[in-house]
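Counting from 46, one number per residue, gives the positions in the sequence shown under the numbering used here. From the three backbone atoms N, C-alpha and C, an ideal C-beta is built for every residue, glycine too.
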Amino acid sequence: MTIIFIVMTARFYFPFLLCLVAACSTRQSEINPVYLDFSAPLEDRVEDALSRMTLEEKVSILHAQSKFSSAGVQRLGIPDISCSDGPNGVRQEVLWDDWHHAGWTNDSCVAFPTLTALAATWDRELAGQYGKALGEEARFREKNIILGPGVNIFRTPLCGRNFEYMGEDPYLASQLVVPYIRNVQKNGVSACVKHFCLNNEETYRNQTDVYVSDRALHEIYLPVFKAAVKDAGTWSLMTSYNKYEGDYTSHSHKLLSEILKEEWGFDGVVVSDWGSIHDTEAAVKAGMDMEFGTSGSYSDYYLADPYLAGLEEGKFDMNELDDKCRRVLRLIFRTAMNPERPFGSLCSDEHYETARKVGAAGIVLLKNNGGLLPVRKDVHRIAVIGENALKKMTIGGGAASLKVQHEISILQGIKDRAGDDVEVIYARGYVGSPTTYQDGILVGTELIDERSADELTAEAIQVAASADIVIFVGGMNKDGGQDCEGFDRPSIDLLYGQNELIHALAEANPNIVVALVSGNAVSMPWIDTVPSVLQTWYLGSEAGHAFADVLFGDVNPSGKLPFTFPKQLGDSPAHYAGKAFPNPDRNDYAEGIYVGYRWYEKKDIQPLFAFGHGLSYTEFEYGQAKVSRATIRKKGSLQIRVPVTNIGKTAGSEVVQLYISDVECSLDRPEKELKGFEKVYLLPGETKTVTFNISEDLLQYYDDTAGTWVSEPGEFEAKIAAASDDIRRTVRFFLK
Ligand code: BGC
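Here it is, written out as structure tokens:
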């Protein structure tokens with residue numbers, strides 16, 4: 046009886062008890078909502094925040110509210126997202142609704158070397174330090190997203206934005222992009238890998254419609270993005286301006302939903318490039334999450350009022366909307382509402398040190414006949430000639446233009462290092478770009494010089510002839526058409542009469558070093574007349590110091606080219622057989638997977654300088670390579686060990702490269718492909734053994750009929766090399 050009474054009573058009171066518990070917990074979650082409980086799992090916080098948002102609030106977080114920010118939810122205390130360019134430094138603040146400099150005085154940054162220079166280091170550790178420093182600067186400047194890294198593959202030397210990217214090889218770029226992104230994000234700042242994808246030319250970037258085989262897409266153009274998503278865990282990604290198979294990439298369901306989100310499991314935010322969305326329905330359905338633009342009428346953006354109206358009319362799915370919002374909330378909780386993120390720092394000594402180290406490690410010594418470099422101790426008069434020795438290169442180039450706290454010019458760097466008993470004399474030689482102002486920011490020295498080309502040349506020859514050594518510093522300058530967003534280069538040749546000038550200088554003084562400041566390959570009709578050539582990239586705030594470090598031998602050059610320098614434009618895959626370039630229409634990538642060295646090797650075209658090439662002030666000897674076993678089984682791996690010895694008198698680093706060739710294969714494959722590299726530092730006489738792990742996945746190709754990666758049993762060759770055209774050891778093995 047008692048038992049029956051208890052059961053009956055409990056049944057009667059149970060609903061009331063439930064209500065009480067619910068009321069308490071509601072009150073509890075009102076006081077301390079789950080989304081504000083920093084110890085709660087991320088996804089619980091996201092769901093809780095989402096459940097509290099109105100339809101209008103949901104749509105309002107999906108588009109810009111200013112040039113570089115999007116709204117949070119004020120009512121819920123969810124902060125805005127603030128973003129900034131770019132890949133190699135945190136851009137100056139611009140006005141809310143206008144691209145002009147906001148005039149702040151606390152927004153100067155450290156410019157790090159542009160990404161071609163980072164790629165040329167072939168150094169994962171440095172890529173990590175770079176990401177850490179950049180992330181700290183972005184964090185200090187209260188950014189939640191830094192719009193980089195840029196990772197589009199170098200397909201043509203005319204692409205105006207190559208200098209912002211990481212070269213022609215998907216493996217090299219992937220290996221460096223991962224530590225970069227991870228370390229940026231350790232600061233609670235999201236990386237935003239860009240531009241997804243096939244943005245390989247600029248002039249008609251809003252029109253060009255790329256058609257490329259699935260195999261080339263997966264083997265060449267997507268791997269870096271895939272590494273950014275799957276290995277680095279990037280929290281955001283930016284689409285590109287161009288079209289792919291008839292659709293803008295921002296409207297491509299195949300790219301955004303099928304590949305990026307479903308196949309790779311991307312849980313972050315797909316951000317549009319500024320103004321790259323052209324239709325609400327196409328963008329919503331393809332998988333765009335957030336829209337930025339160039340105009341100020343933010344409520345008219347495709348993912349703003351037009352999307353809201355469509356949702357209200359029942360034209361769009363609410364679950365689709367929620368998925369987009371979850372992604373944005375996740376990003377906010379990972380960044381702005383992440384209580385554990387550090388505070389960051391700006392313009393610290395450590396950041397300058399990183400910029401200088403990366404710069405010096407990225408410089409590539411292309412040629413050094415007779416050991417002209419490093420500058421010898423008995424040199425007492427150095428002639429520095431050329432505009433780029435003076436010109437500050439951190440401005441220009443478009444979105445990557447920066448306002449820096451300081452920039453050491455190359456001339457200044459040489460003077461700082463040369464010492465009192467060495468006279469450094471300068472002549473302009475040519476006038477290229479006297480621009481000293483960009484985005485309202487004044488940089489550096491007055492560069493206007495109205496003398497005629499003949500007068501400038503005559504002066505330069507006289508100065509060159511009077512010196513022990515001549516350092517010509519030329520190249521490009523980030524003006525439109527000279528390494529700049531929105532413009533492709535008109536030609537592969539150096540402009541402003543530089544080729545003629547170099548010839549004349551080499552005649553006046555054979556001890557000449559040509560240093561090229563550029564992020565692209567240039568033709569070198571004078572190559573046989575000059576003993577030494579340095580590829581120096583855009584080195585950022587510490588350019589002059591990094592340059593002098595290598596010039597005087599304080600740092601032994603160890604950079605290797607991240608892309609091929611062709612002898613002439615017509616040799617390169619995008620221009621071979623007179624293909625249209627730039628291309629406003631249907632743009633067939635007929636070369637398929639044969640991009641960069643893969644192309645030159647297939648066609649047996651001798652490049653000017655091969656991928657992976659770079660000299661040192663010392664020499665390295667490669668010993669016998671040993672393979673740990675003769676066969677790899679499916680999902681297995683083997684190791685290759687090779688001893689490398691510094692046989693010179695100077696300490697230095699060597700980038701030991703591993704290329705793989707598929708000897709027996711049922712389809713056409715490149716002669717070889719980069720699948721490993723290690724950078725080793727060796728004292729004179731020192732030997733270190735480099736170990737490469739070859740796992741089965743490194744042997745795969747993409748089978749576009751089956752839509753999957755395949756490795757075919759058979760024989761393979763591992764080529765241990767100092768450059769793609771300098772194979773030192775070969776070992777064979779089998780895949781069973
Ligand atoms: C560029 C992006 C850049 C964005 C914001 C676009 O024009 O293509 O790389 O991040 O502008 O400045």
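Contact under 8 Å by Cβ, residue i with residue j
i, j, result
"Y31", "N632", "Outside the displayed span of the chain (46 to 781) sits residue 31, for which this structure offers no information."
"A406", "D168", "yes"
"F517", "I572", "no"
"L267", "E209", "no"
"A331", "S285", "no"
"D334", "K369", "yes"
"I765", "L727", "no"
"N133", "G173", "no"
"A156", "E452", "yes"
"L292", "L95", "Before going on, a small fix: residue 292 reads as Asp here, not Leu. Cβ atoms of D292 and L95: not closer than 8 Å."
"G431", "D524", "no"
"I190", "C237", "yes"
"F532", "T248", "yes"
"L376", "W309", "no"
"F241", "L282", "yes"
"G180", "Q220", "no"
"P611", "P202", "yes"
"Y471", "V429", "yes"
"P602", "I455", "no"
"A591", "E530", "no"
"V139", "F113", "yes"
"E760", "F779", "yes"
"I650", "E666", "no"
"K436", "S153", "no"
"P729", "T676", "no"
"L599", "V567", "Checking the sequence shown, residue 599 turns out to be Asp, not Leu. It is not a contact, given that the beta carbons lie outside the stated cut-off."
"Y482", "V104", "no"
"K647", "Y634", "no"
"A147", "G338", "no"
"G458", "A593", "yes"
"P86", "V403", "no"
"R372", "G233", "no"
"S321", "S295", "yes"
Rounded Cβ spacing between residue i and residue j (contact assumed at less than 8 Å)
i, j, result
"I486", "Q745", "Contact doesn't hold; Cβ gap of about 48 Å is too wide."
"F388", "R714", "Wrong, their Cβ atoms sit about 50 Å apart, outside the cutoff."
"N287", "L243", "6 Å"
"A277", "I226", "4 Å"
"V314", "L301", "The pair is not a contact, with the Cβ atoms about 11 Å apart (cut-off 8 Å)."
"F21", "V91", "Residue 21 lies beyond the residue range present for the chain, which begins at 46 and ends at 781; the question has no answer from this structure."
"N565", "D528", "6 Å"
"Y289", "S586", "Incorrect: roughly 37 Å between the Cβ atoms, too far for contact."
Residue i CB to nearest heavy atom of ligand 1 below 7 Å
i, result
"L140", "no"
"D130", "yes"
"W280", "no"
"L179", "no"
"L192", "yes"
"H323", "no"
"D528", "no"
"A444", "yes"
"H240", "yes"
"F318", "It is Asp, not Phe, that sits at residue 318 in the sequence shown. Because some heavy atom of ligand 1 lies under 7 Å away, the Cβ of D318 counts as near it: yes."
Does the contact criterion of 3 or more C-beta pairs under 8 Å hold for the stretch 536-549 versus the stretch 498-518?
yes
With three or more beta-carbon pairs closer than 8 Å as the criterion, would you say the stretch 768-780 touches the stretch 647-661?
Because the criterion of three Cβ pairs below 8 Å is met, the stretch 768-780 and the stretch 647-661 touch.
Given 8 Å, three or more beta-carbon pairs between the stretch 202-216 and the stretch 716-732:
yes
Within the chosen definition, does the stretch 694-711 reach the stretch 621-639 through at least 3 CB pairs nearer than 8 Å?
no
Would you be able to state if there are at least three C-beta pairs under 8 Å between the stretch 411-429 and the stretch 575-584?
yes
Is the stretch 679-699 touching the stretch 728-744 in the sense that three or more CB pairs, one from each, lie closer than 8 Å?
Segment contact: the stretch 728-744 against the stretch 679-699, three or more CB-CB distances shorter than 8 Å; contact assigned.
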